[in-house]
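For reference, each letter of the sequence shown is one residue, going 160 to 360 in our numbering.
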Amino acid sequence: MAATHRVSAVIFDLDGTLLDTERATRDVLKEFLGTYGKVPDAAKEEKRLGQMHRESTTGIIADYGLPITVEEYSEAIYPLYIKRWQRARPLPGVNRLLKHLHKNGVPLALASNSIRRNIDHKILKLGELKDCFSVVLGGDQVPHGKPCPDIFLEAAKRLGVNPSSCLVIEDSLVGVQAAKASGAKASKVLWPWNHYSQMLR
């Protein structure tokens, strides 16, 4: 009989896994690039899904030849994000899943490549479900973001469990790579709008 491996804790990504914020991210980029007379390139943006903020921003500035710094880009685009995040909602099944895990005493963590300031804004859209998480980590709280395993190793440490006993729920390739590198089990969620080309429609 095949051996079973007990899951001691579950670690969730946020954007595109728990909340429908990925489309908002694409809409903001489209709006911002439009002010420079440019349009997003679907292939380039597909590869950016799940990247750290600075890495993603640096790539955007270079790819579209924007005459601004990373800091100027971040300052200009943040108000646009705040406006779009107000419309974010938990993805289908999220409410029921989080309630079930929390009710059954499964330790939960949230580990996102987003900077912690942004997470604190977005997580409010989970309502009371945000209190299900005993650990919340942003990419700026660890030495290296995904696909490095740092954030999942730190989440497991704060939960007081071995990374190998954790299940990580992700929607991006870099997230799955980070989870596997940490020794955790990984599950990738697939939504019809998970691909950038479809978000542009």
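Yeah, the Cβ is synthetic: ideal placement off N, Cα and C, and Gly gets one too.
Pairwise C-beta distances place the region 299–315 out of contact with the region 280–291, as fewer than three of them are shorter than 8 Å. By alpha-carbon distance to Ser273, the top candidate from Val166, Ala168, Leu178 is Leu178. Minimum Cα-Cα distance from Thr194 among the listed residues Tyr232, Asp172, Ser215 corresponds to Tyr232. Secondary structure of Leu267 (DSSP, three-state): strand.
Residue range 294–297 is occupied by the beta strand (DSSP E) that includes Val295. Taking a C-beta distance under 8 Å as the contact criterion, Ser331 and Gly209 qualify as a contact pair. In the three-state DSSP reduction, Pro322 falls in the helix class (H, G or I). When the beta-carbon positions are compared, Ala315 and Asn321 come within less than 8 Å of each other.
Using a C-beta cut-off of 8 Å, the region 199–206 makes no contact with the region 236–250, since fewer than three inter-stretch Cβ pairs fall below that distance.
Secondary structure note for Ala168: its beta strand (DSSP E) is the uninterrupted segment 168–171. Secondary structure of Ile227 (DSSP, three-state): coil. Annotated three-state conformation of Ala221 is helix, per DSSP. Scanning its chain for C-beta atoms nearer than 6 Å, with the 5 sequence neighbours on each side dropped, one finds around Ser215 the residues Arg207, in chain order. Membership of Lys281 in the alpha helix (DSSP H) is indicated by the continuous run 275–281. Scanning the region 173–222 from its first residue to its last, the whole alpha helix (DSSP H) runs of 4-plus residues come out as 180–193, 201–207, 212–222.
DSSP places Lys284 in the helix class (H, G or I) of the three-state scheme. Under DSSP, the beta-bridge partners assigned to Ile328 are Phe171, Ser346. Note on geometry: alpha-carbon atoms of Asn254 and Val169 lie some 15 Å from one another.
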